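Here the UniProt record's numbering is used: position 16 in the sequence shown is 16, and no number is missing along the way. Idealized CB from N, CA, C, for every residue including glycine. Nothing here was measured: the structure is a model prediction, and the numbers come from that model. In what follows, a structure is listed as structure tokens, so that the remarks can point back to it.
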Amino acid sequence: MEKKPKVKNKGKMIAFALVGVGVILFKVALKIGKLYAIHNWIDKMFS
């Protein structure tokens, strides 16, 4: 195995971290959206 330049690896790490953070934020946003939708639906049912 030949050694790759550190800069390339750092770029890959940063890109990977950004993708990971994006996925986590997306999942959190979906959960919040679902909770909000359910809350609104319950409000409509009982109001």
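query                                                                          : result
Span separating the alpha-carbon of Leu-25 from that of Ile-14                 : 16 Å
Ala-37 versus Gly-20 - alpha carbon distance                                   : 26 Å
Three-way DSSP call (helix, strand, coil) for Lys-3 in this model              : coil
Rounded straight-line distance, which links the Cα of Leu-18 to that of Lys-12 : 10 Å
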